[in-house]
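Each residue of the sequence shown is one higher than the one before, counting from 1 in this note's numbering. Worksheet: the structure to be examined is printed underneath.
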Amino acid sequence: LSIAYNFERLLQQNLIFLSLIIVFGIQLVFKYFRKIKYIIISIIFIIYFIYLSGVLVPILGGSNSLFLQNNGIEYDSYYTHNIEIQAIVWLDKYSDSKNSLYADRFAELKIDAYSKKNYRIVPYIIPEVINRSGYIYTSYTNIREEIASIDERQYFMRGVAFTNYPFDFINNNKSLIYNNGGAKIYR
Numbered sequence: 001l002s003i004a005y006n007f008e009r010l011l012q013q014n015l016i017f018l019s020l021i022i023v024f025g026i027q028l029v030f031k032y033f034r035k036i037k038y039i040i041i042s043i044i045f046i047i048y049f050i051y052l053s054g055v056l057v058p059i060l061g062g063s064n065s066l067f068l069q070n071n072g073i074e075y076d077s078y079y080t081h082n083i084e085i086q087a088i089v090w091l092d093k094y095s096d097s098k099n100s101l102y103a104d105r106f107a108e109l110k111i112d113a114y115s116k117k118n119y120r121i122v123p124y125i126i127p128e129v130i131n132r133s134g135y136i137y138t139s140y141t142n143i144r145e146e147i148a149s150i151d152e153r154q155y156f157m158r159g160v161a162f163t164n165y166p167f168d169f170i171n172n173n174k175s176l177i178y179n180n181g182g183a184k185i186y187r
C-alpha cells in the first residue's frame, strides 16, 4: 500500500471524513465559548493556513517549498527549462530511439513529456550499466547541482534519493554531442 499510495495522499483523502468529526467537536466546544467563538475560529484557520501553506517551514529553517520559491533542488528537478526542451527536440531529431537513453528520474519525466519518440529510458546513471552505444541526457539540474536522482521505490521501497552525477566517468568514456549550456547529450 505504501509504495504507490503515500501518507500525504492517504491524509488528504481522510480529511473528508475527519472534517465531519472536527465540525461536531467544534460545535460541542463552542457551546461553552459563545462570546469569543469567532475569534477562536479565526485563530484556528489562520494557524491551519500558515502550517499547510508551507509559509512556516522556511521561517523555521526548513527547505524551500516548491510552490513558494523558484530555487532549490525540488524546483530545479520539477521545472522544465526551455533549454531542456530544446535538447529533447534535438535528441528527437538526431538520435536513434533503438539505443538506450540514460537519464535520471526527473530528466526521464521531462523526456516523456516533451519527446515525440518512444525511447528505451534507463532511469539511473550508474557507470557500471552504461553501454557504449547508448545516449546520456543530462538535465539542467544534473549540470547545475551535479546530482542525479534515483527512484528508490523501484528497488528499496522508499522515495527519490540523490547521488553524485558521474561526470568524470561520462567525460572519459562518452563523447559530448550536444550542449546548449543547460542540457547536455552524450553518446
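Built from N, CA and C at the ideal position, the CB exists for glycine as well.
Do residue 147 and residue 162 have their C-beta atoms within less than 9 Å of each other? yes
For residue 102, which three-state DSSP category applies? strand
With the cut-off set at 9 Å, would you say residue 137 and residue 91 are in Cβ contact? yes
Per-residue burial, residue 96 [other beta carbons within 10 Å of its own, 16 or more giving buried]: exposed
Do residue 109 and residue 135 come within 9 Å of each other at the CB atom, strictly closer than that value? no
Please state if the CB of residue 105 and the CB of residue 150 are separated by a distance shorter than 9 Å. yes
Taking the straight line between their C-alpha atoms, what separation do you get for residue 79 and residue 175? 27 Å
Please list, in chain order, all residues of the same chain as residue 107 whose beta carbon is under 6 Å from its beta carbon, the five residues on each side excluded. 137, 139
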